[in-house]
Every structure is written in C-alpha cells, then in structure tokens.
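Visitor:
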Amino acid sequence: MYCGGYSPTEGNLAKRRDLTQTPMQAKIHLYPKFAWAWPVNRRILYNRAGVDLNGTPYNPAKAVIAWQDGKWVGDVPDGPAKPMAQGGPYPFIMQTEGHGQLYGPGREDGPMPEHYEPAETPLTKNPFSSQMSNPCMKTVHASEYDVLCKNGDPKYPIVLTTYCMTEHWCSGSETRNGPALLEAEPQQYVELSHELAKEKGIKNGDFVLVESLRGKCEAVAMVTVRIKPFTVMGKTVHLVGMPFAFGWTKPKCGDAVNRLTTSVGDPNTTIPEYKACLVNLKKIAKATEL
Numbered sequence: 004m005y006c007g008g009y010s011p012t013e014g015n016l017a018k019r020r021d022l023t024q025t026p027m028q029a030k031i032h033l034y035p036k037f038a039w040a041w042p043v044n045r046r047i048l049y050n051r052a053g054v055d056l057n058g059t060p061y062n063p064a065k066a067v068i069a070w071q072d073g074k075w076v077g078d079v080p081d082g083p084a085k086p087m088a089q090g091g092p093y094p095f096i097m098q099t100e101g102h103g104q105l106y107g108p109g110r111e112d113g114p115m116p117e118h119y120e121p122a123e124t125p126l127t128k129n130p131f132s133s134q135m136s137n138p139c140m141k142t143v144h145a146s147e148y149d150v151l152c153k154n155g156d157p158k159y160p161i162v163l164t165t166y167c168m169t170e171h172w173c174s175g176s177e178t179r180n181g182p183a184l185l186e187a188e189p190q191q192y193v194e195l196s197h198e199l200a201k202e203k204g205i206k207n208g209d210f211v212l213v214e215s216l217r218g219k220c221e222a223v224a225m226v227t228v229r230i231k232p233f234t235v236m237g238k239t240v241h242l243v244g245m246p247f248a249f250g251w252t253k254p255k256c257g258d259a260v261n262r263l264t265t266s267v268g269d270p271n272t273t274i275p276e277y278k279a280c281l282v283n284l285k286k287i288a289k290a291t292e293l
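Sequential numbering from 4 applies to the sequence shown in our numbering.
1) Could you tell me the distance, in whole angstroms, from the CA atom of V79 to the CA atom of C6?
2) Taking buried to mean at least 16 other C-beta atoms within 10 Å of its own C-beta, is N137 buried or exposed?
3) For E198, report the span of its beta strand (DSSP E) as first-last.
4) Can you list, in chain order, the residues of its chain with a C-beta nearer than 7 Å to that of H171? Leave out the 5 residues immediately preceding and following it.
5) I'd like to know if the segment 225-236 and the segment 261-270 are in contact, where contact means that at least 3 CB-CB pairs between them fall below 8 Å.
6) In terms of residues, what are the limits of the beta strand (DSSP E) holding T165?
7) How close, in whole Å, do the beta carbons of E292 and D258 come, if the pair is a contact with beta carbons under 8 Å?
8) Which value, in whole angstroms, describes the spacing of the CA atoms of T23 and C152?
9) Please state whether DSSP places T142 in a helix, a strand or coil.
10) Using 8 Å as the threshold, is the C-beta distance between R45 and D21 below it?
11) Kindly list the residues whose CB is nearer than 7 Å to the CB of E194, restricted to its own chain and excluding five residues on each side of it in sequence; keep chain order.
12) Would DSSP call E292 helix, strand or coil?
13) Taking C-beta to C-beta, are C139 and P270 nearer than 8 Å?
14) Just verifying my parser: in three-state terms, what is the DSSP assignment at R51?
15) Tell me the residue span of the alpha helix (DSSP H) that contains M236.
16) Taking a contact to mean a Cβ-Cβ separation below 8 Å, would you say P121 touches E276 in this structure?
17) Rounded to a whole number of angstroms, what is the C-alpha to C-alpha distance between E123 and H144?
18) Here's a check: name, in chain order, each residue in its chain whose Cβ is nearer than 8 Å to the Cβ of K253, leaving out the five neighbours to either side.
19) Any idea if L48 is buried or exposed, counting beta-carbon neighbours within 10 angstroms, 16 or more meaning buried?
20) So, helix, strand or coil for Q89, using DSSP?
21) Is W41 buried or exposed, if buried means 16 or more other CB atoms sit within 10 Å of its CB?
22) State the DSSP-derived secondary structure class of M225, mapped to helix, strand or coil.
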C-alpha cells in the first residue's frame, strides 16, 4: 500500500512540504512535491484523457499533462507510454479496452451516480432522490438478528459509524490479542458529542449501553469535540462512533460492535455497510463486559 513512499535518497516522501510548482502546475493547483501520492506520485487518475492523440491538452489553460519535446510534463503520466498518435495506448489504463465508462458490464447498479441513504437512516425522505436506499443492495436474512429499522425510527434516532484505531488497526483478531496494544487501548468505547452527552446525562468515562434493533453493546463514554450534531432537513441528527477492534477473546475488553451493525452489502462487491446504522444509548451504573 505504501510502496514508493520512501526513497533511499530523500527519505519519507509523505513528509515532504515542498510547494514548488511549474507555471503549468500552478494553474490547476498541482503540488507534485508536497507529500506523496500512491503508487507513483500521480495526482490525477487517467490524466492522459485530457490530451488529444498528439498529447496536446484540450484545455491549455487548465492542462494536467502535455507532451513536449519528446516527454510528458505536468503530472506523472497515467501509463508512461507515448501519445496515441505515436503508438501509445488509450488513456483509461485500468479498463481492458482503455476507454472510459459510465456503465460497464457486470455492474448491478448505475449508470449514473446517485445518492442513496443507508439501509438504516434517521430520515423519512431522501432529499436528493425519490428512491430512499439502493434497490440493488445485498441484504442477509439468515437469522432473527438480520433485521433493519424503518426509516426515521424514533426508537433508534442516533447514527452509529465504525472505524479503526491507531492501536488496533484492521484485524481485531490479531491486535486485541497483543498485550501491548491492548494495554494502549484496553476497552470498547463510544465517542459522542458534548451536546448528545448533555441530552442523555452522560459524562466522560461513564458506562453506556448502546443498542440497535439487532443487539446491545457495552462501552465507555468518550465525550469529544471531534463529533458534532448535524442539522439535516431542519432536524438535529446525532452521530456516535465506535471502533470494531474489540470482541470476546479477551476478558473485560468489551463487546464486538458488530452486534449492532447491519447485514447489508454493496451491490457489486458485497462490502458491508458498517459505516452507518441506527442506535440508541443510555447511561448504565455498571458494565458486565468491561
């Protein structure tokens, strides 16, 4: 993932803060020496689509890349070949045929981008579309726990999002079993705004029970300014966040947040929709799992 981000001569390229630009790069605010862009410091994908067969920019005033004196200038070329008039390939190098696509074969939804609300949403109406949620989303109904809230369910008005931590990165099964990592971040917690904490009578460090239609999860309250209430269609919507690194393999570290999340997948890849579901929470006097 970070291949190319470190140079034996320049060191950590991600730490660069060089604002040097050519006049061409300055017109589009391109800073090629500021930090690092994976995989080859290319800043704009498919940049050769902005030039004609000879490598001349279609819009010289906002050129991303151009063929000059036998070489590309501007951004790092997406595919270092010569212009198409000199035998180079089509610009969309990640597509088999090299052409751009609005709607390609094998996709479940499309052709144009659309905003859908998650499978569980605190809203009763999608402000951008007559279609509330993606009609092609993959849902699981394997057990009584694979259920979804109705739109705007008053019993579960709070949006939960999940994330990783620095101490416990992607695989909780590995990181929560590392003594040093577990010592650094030992317990399941829930981040909530000062506004929501006041509304619920919760203080920083209190024990909290977070509940969805599918299950319950105990956590320690982390009252923070990182999370703030949203105003959506004139309605206040609260957000809370929980990491998904914890689970049942270590005593007193807390419940798995997947007890709360939905069994919903992306239409094309079935990647789980763990970033948004509906919950409610309350302060409890004593936690059994922490």
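From the three backbone atoms N, C-alpha and C, an ideal C-beta is built for every residue, glycine too.
Guide: Working from what's here:
1) Taking the straight line joining both Cα atoms gives about 16 Å.
2) Flag for N137 reads buried.
3) No beta strand (DSSP E) contains E198, which is instead part of the alpha helix (DSSP H) from 197-203.
4) Excluding residues within five positions, the ones whose Cβ falls inside 7 Å are T178, R179, L184, E188, P246, A248.
5) Because the criterion of three Cβ pairs below 8 Å is not met, the segment 225-236 and the segment 261-270 do not touch.
6) Looking at the DSSP string, the run of the beta strand (DSSP E) that includes T165 is 161-166.
7) Taking 8 Å as the upper bound for CB-CB distance, E292 and D258 are in contact here, some 5 Å apart.
8) Rounded to whole angstroms, T23 to C152 spans 52 Å at the Cα level.
9) The answer is strand: DSSP assigns T142 an E or B state.
10) Cβ atoms of R45 and D21: not closer than 8 Å.
11) Counting only Cβ-Cβ distances below 7 Å, and skipping sequence neighbours, we find M225, T227, R229, I230, V243, G244.
12) Annotated three-state conformation of E292 is coil, per DSSP.
13) Yes. Within cutoff.
14) Three-state result, R51: helix.
15) No alpha helix (DSSP H) holds M236; DSSP gives it neither H nor E.
16) It is a contact, given that the beta carbons lie within the stated cut-off.
17) In this model, E123 and H144 are separated by some 15 Å (Cα to Cα).
18) Only R179, N180, L185 meet the Cβ criterion.
19) So L48 ends up on the exposed side.
20) Correct three-state label for Q89: helix.
21) Taking a 10 Å sphere around the C-beta of W41, we find fewer than 16 other C-beta atoms and assign the residue as exposed.
22) If DSSP states are grouped into helix, strand and coil, M225 belongs with the strands.
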